[in-house]
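Participant: Got a structure here, written out as structure tokens. Questions coming.
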Amino acid sequence: MSVLETVDIRIIADDLTGALDSAVCFASPGHGVGVSWRLDRALSGRLAVDIATREGAETTAVARHSRFASWLAAGQLSFKKIDSLLRGHVIAEIEACIVEGGYQRVVLAPAFPFQGRVTRLGRQWRLDRPEMVGPDIVAGLGQRFSSGRSVPGARPAHFITLYDAETDKDLDEIVATASAPRTLWVGTGGLAAALARHVGTPHMPVPALPVPFLGLVGTNHEVTMAQVACFSASHADAHIVVERDIDKAKRDLAKRIKRGAPSVVTVAASGDRQMVADHISKVFASLLDGLPMPGTLLVTGGETLRSVCSSLGVVELTVESEIEPGLPISRIEAGVFKGLATISKSGAFGDSALFCRLATPAHR
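Under the UniProt record's numbering, the residue at position 186 of the sequence shown is numbered 186, and the numbers go up by one with no gaps.
See the structure below:
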């Protein structure tokens, strides 16, 4: 048993894909990490919890973080997952964790170099189309706490220290120099991976993905749309667009699964964001009802994944490994799709050929 498997790791995330992205870093062969979104039960250790606050009101976000802050602080390693583009209520959520946590220090390192998210002079940048994103966290937290920014290799000089970082090596240096008891770590999958390397996680080999591949796309993010377009160009008739005739789409999809053919499903929808999300959830629930089990399922977007799991009667996943940073593989532990390998992906992650690689066994 590795050292990592004995550490009580506790993670709070604002969406499900983020919880999985971080938790997978601490998984090891034969020792997955549970990821739950049930907020009505007592929580154990070695667990990541999605409290679903990114899209809601700030007051709700603060209340939920305050509710689970003591549980988070009781872990040997306490990690608050934030979005790599700093979407959501980042400052208010961190404050809620701090107030209830009794920490000696707070270390923020939101960079996720593999996904092109870096931190420069205390501000977050995306490199795919170079621009600054998100709020000034140091300024926001500095209104209530001693806060400042620093660089890799330097020890924290404030109660809250936000570190610049542009590489995984930078993140490793931050963890090595800033580690101390009673620390709240705040960051993305990049920092989670650095913490896991520091603790001593073994390398997780990528398992062979069973066929056929089924992708359920619940986002219209331009990155994911490029992945769908690439897949469609390479696989004739494999992109199923659900418009009004759900039954026909379901029949077509079932036929493809039975003959082992890959498929990607999108839903034609219009209206405000919540209306579209609700419609997509209903369509996917209808499609999955009675559908033959695919070999591998990919779902884009945390809210879509939650709704898919709900339709399957699933309230917790066990994350076991990852294809690459930002692409964790989980196992459904109950219900009609028990044992199904499930890949989760943020809408903004991955190159245009991603779906093609996942759908082609020779390329896995």
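Using N, Cα and C, we set each Cβ at its ideal position, and we do this for glycine too.
1) By the three-class DSSP mapping on this structure, what secondary structure does residue 170 have?
2) Beta-carbon of residue 262 versus every beta-carbon of chain B: anything under 9 Å?
3) Cβ of residue 148 within 9 Å of Cβ of residue 85?
4) Check residue 294 in the structure and name its three-state DSSP category.
5) Counting C-beta neighbours from all protein chains within 10 Å, is the total for residue 151 16 or more, i.e. buried, or is it exposed?
6) Quick one: is residue 307 buried, meaning 16 or more other Cβ sit within 10 Å of its Cβ, or exposed?
7) Can you have a look at residue 63 and say buried or exposed, based on whether 16 or more other CB atoms are within 10 angstroms of its CB?
8) Is it buried or exposed for residue 70, if we count other Cβ within 10 angstroms and need 16 for buried?
9) Let me make sure I understand the geometry here. Which of 32, 111, 240 and 357 has the alpha-carbon closest to that of residue 318?
10) Below 8 Å on the Cβ atoms is my guess for residue 175 versus residue 198; work out the distance and round it to an integer in Å.
11) Are residue 266 and residue 343 touching if we call contact CB-CB under 9 Å?
12) Please identify the residue among 8, 277, 106 and 58 whose C-alpha is closest to the C-alpha of residue 142.
13) With burial defined as no fewer than 16 other Cβ atoms inside 10 Å of the residue's Cβ, what is the status of residue 169: buried or exposed?
14) Taking only runs of the alpha helix (DSSP H) that begin and end inside the region 190-237, which ones reach a length of at least 4 residues, in chain order?
15) By Cβ distance, which residues of its chain are closer than 6 Å to residue 364, with the 5 residues on each side in sequence left out?
16) Closest to residue 26 by CA distance: which of 18, 9, 39 and 41 is it?
17) Going by the CB atoms, is the gap between residue 326 and residue 124 shorter than 9 Å?
18) How many Å lie between residue 301 and residue 273 at the Cα?
19) If residue 349 and residue 223 are in contact, beta carbons under 8 Å, what's the gap, nearest whole angstrom?
20) Could you tell me which of 257, 282, 346 and 330 sits nearest to residue 365, measuring between CA atoms?
21) If I follow the unbroken beta strand (DSSP E) through residue 123, where does it start and stop?
22) Between the C-alpha atoms of residue 183 and residue 104, what's the straight-line distance to the nearest angstrom?
Facilitator: If we stick to the structure as given:
1) The residue you call residue 170 lines up with position 170 of the sequence shown. Here residue 170 sits in helix by DSSP.
2) Structure shown: chain B not included; a single protein chain is present.
3) Residue mapping note: residue 148 aligns to position 148 of the sequence shown, counting from 1. Residue mapping note: residue 85 aligns to position 85 of the sequence shown, counting from 1. Against a cut-off of 9 Å, the Cβ pair of residue 85 and residue 148 comes out as no contact.
4) Counting from 1 along the sequence shown, the entry for residue 294 is found at position 294. Looking at residue 294 - three-state DSSP - the assignment turns out to be coil, as it is neither helix nor strand.
5) Residue mapping note: residue 151 aligns to position 151 of the sequence shown, counting from 1. Per the 10 Å Cβ criterion, exposed.
6) As a first step, residue 307 is located in the sequence shown; it is residue number 307 there, counting from the start. Per the 10 Å Cβ criterion, buried.
7) Taking the first residue of the sequence shown as position 1, residue 63 is located at position 63. Burial call: exposed.
8) Residue numbering aside, residue 70 sits at position 70 when the sequence shown is read from its first letter. By the 10 Å Cβ count, residue 70 comes out exposed.
9) Within the sequence shown, the letter at position 318 stands for residue 318. With distances taken between Cα atoms, residue 318 lies closest to 32.
10) Here residue 175 refers to the residue found at position 175 of the sequence shown. Here residue 198 refers to the residue found at position 198 of the sequence shown. About 5 Å; that satisfies the 8 Å criterion.
11) For this step, residue 266 is matched to residue 266 along the sequence shown. For this step, residue 343 is matched to residue 343 along the sequence shown. Not closer than 9 Å, so no.
12) Position 142 of the sequence shown, counted from the start, is the residue given in the question as residue 142. That would be 106, whose Cα lies nearest to the Cα of residue 142.
13) To locate residue 169, count along the sequence shown from 1; it is residue 169. Exposed.
14) 222-234
15) Looking up residue 364 in the sequence shown gives position 364. The predicted model places residue 364 with a pLDDT of 45, which falls under 50 and marks its position as unreliable; any figure quoted below should be read in that light. Closer than 6 Å at the Cβ level, and outside the excluded window around residue 364, lie 209.
16) As a working mapping, residue 26 is identified with position 26 in the sequence shown. Nearest C-alpha to residue 26: 9.
17) The residue you call residue 124 lines up with position 124 of the sequence shown. The residue you call residue 326 lines up with position 326 of the sequence shown. No, the pair does not count as a contact, with Cβ atoms beyond the cut-off.
18) Working through the sequence shown from its first residue, we reach residue 301 at position 301. Working through the sequence shown from its first residue, we reach residue 273 at position 273. For residue 301 and residue 273, the distance between alpha carbons rounds to 13 Å.
19) To locate residue 349, count along the sequence shown from 1; it is residue 349. To locate residue 223, count along the sequence shown from 1; it is residue 223. Correct: roughly 7 Å between the Cβ atoms.
20) The structure shown does not extend to residue 365, since the chain is modelled only from 1 to 364, so the question has no answer here.
21) Within the sequence shown, the letter at position 123 stands for residue 123. Where residue 123 is concerned, the enclosing beta strand (DSSP E) stretches over 123-126.
22) Along the sequence shown, read from residue 1 onward, the residue named residue 183 stands at position 183. Along the sequence shown, read from residue 1 onward, the residue named residue 104 stands at position 104. The straight-line gap from Cα to Cα measures roughly 6 Å.
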